[in-house]
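Read through the structure below, which is laid out as structure tokens, and then see the notes.
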Amino acid sequence: MSPILRTLILPFLALICTASWAERPASFSQAKKLAWGIYADKQETFYCGCDYEDGNVDASKCGYKPRKQPKRGARVEWEHVVPAWEFGHQRQCWQTGGRKNCEDNDQQFEMMEADLHNLVPAVGELNGDRSNFRYGMIEGEPRAYGSCDFEVDFKLDRAEPPANRQGDVARIYFYMRDRYGLKISRQQDQLFTAWSKMDPVD
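Each residue of the sequence shown is one higher than the one before, counting from 0 in numbering that gives the first Met the number 0.
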């Protein structure tokens, strides 16, 4: 590279790197604030496809009906597709002091918790019901949330997203695995690979 070209390009590259680093959220709290802006052009919940405005869910067109918590079902919450519980349990900080200890003392955990690739807008009740359950297939087609095709088996601690979101879930898991070394069981890997093929990128 010529000295003139180097003089022109290197400051520009440094600016890009600095900007992208500055935009990385430093905490889960900051990530949630940024997420509202990221989803501003398409305010639609991840699982049910409900429109929302100012964090309030409009269930009139998406067919969602609360199972048990109408107040929580009326608001949007930011859901970790890969739960903090799941990636946290793979870190030493969680073993010695839980989530708060990880947030205070583990930079890698903080990055995982605040990673916007793993955050989606969800109906609050679904976020609460899903809790830290792993994704999987649930027998039958129980409909606890009106026509919203999201299923939770509280006995098996399992949740099943709608078919049009299964590929997205799979790719988010693969991203977290590749980016942070998240351990995924062979069974989960097979399921997510199948989901990613059946529900390709749209």
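Quick reminder that beta carbons are idealized off the backbone N, C-alpha and C, glycines included.
None of the values given here were measured: they were computed from a predicted structure.
Three-state class that DSSP yields for residue i in the structure shown
{"i": "Arg133", "result": "strand"}
{"i": "His79", "result": "strand"}
{"i": "Asp50", "result": "strand"}
{"i": "Pro160", "result": "coil"}
{"i": "Val168", "result": "helix"}
{"i": "Gly87", "result": "helix"}
{"i": "Gly139", "result": "coil"}
{"i": "Tyr63", "result": "strand"}
{"i": "Asp105", "result": "coil"}
{"i": "Asp177", "result": "helix"}
Contact belief for residue i with residue j at Cβ below 8 Å, rounded distance in angstroms
{"i": "Asn117", "j": "Val81", "result": "5 Å"}
{"i": "Ser115", "j": "Ala34", "result": "In the sequence under discussion, the amino acid at residue 115 is Leu, which differs from the Ser named in the question. About 6 Å; that satisfies the 8 Å criterion."}
{"i": "Arg164", "j": "Tyr46", "result": "6 Å"}
Exposure label - residue i; buried when at least 16 CB within 10 Å
{"i": "Phe149", "result": "buried"}
{"i": "Met175", "result": "buried"}
{"i": "Met111", "result": "buried"}
{"i": "Asp103", "result": "exposed"}
{"i": "Thr192", "result": "exposed"}
{"i": "Gly166", "result": "buried"}
{"i": "Pro199", "result": "exposed"}
{"i": "Phe153", "result": "exposed"}
{"i": "Thr44", "result": "buried"}
{"i": "Gly123", "result": "buried"}
{"i": "Glu140", "result": "exposed"}
{"i": "Gly72", "result": "buried"}
Spatially closest choice to residue i from the options, by CA coordinates
{"i": "Ala143", "options": "Gln42, Pro69, Ala25, Lys32", "result": "Pro69"}
{"i": "Gln106", "options": "Lys196, Asp201, Ala25, Asp198", "result": "Ala25"}
{"i": "Cys49", "options": "Lys41, Cys61, Asn55", "result": "Cys61"}
{"i": "Ala169", "options": "Thr44, Gly135, Cys147", "result": "Gly135"}
{"i": "Val75", "options": "Asp57, Gln89, Glu85", "result": "Asp57"}
{"i": "Lys182", "options": "Gly87, Arg157, Ile137, Arg98", "result": "Gly87"}
{"i": "Lys31", "options": "Ser130, Arg129, His79", "result": "His79"}
{"i": "Phe173", "options": "Pro161, Glu159, Pro160, Leu190", "result": "Leu190"}
{"i": "Ile137", "options": "Pro120, Glu159, Val119, Asn131", "result": "Glu159"}
{"i": "Asp156", "options": "Arg133, Asp177, Ser146", "result": "Arg133"}
Residue i - partner residues in DSSP beta bridges
{"i": "Ala121", "result": "Glu76"}
{"i": "Val151", "result": "Ala158"}
{"i": "Glu43", "result": "Asp50"}
{"i": "Leu56", "result": "The sequence given here places Val at residue 56; Leu does not occur at that position. Looking at the DSSP assignment, Val56 forms a beta bridge with Tyr51."}
{"i": "Gly145", "result": "Tyr63"}
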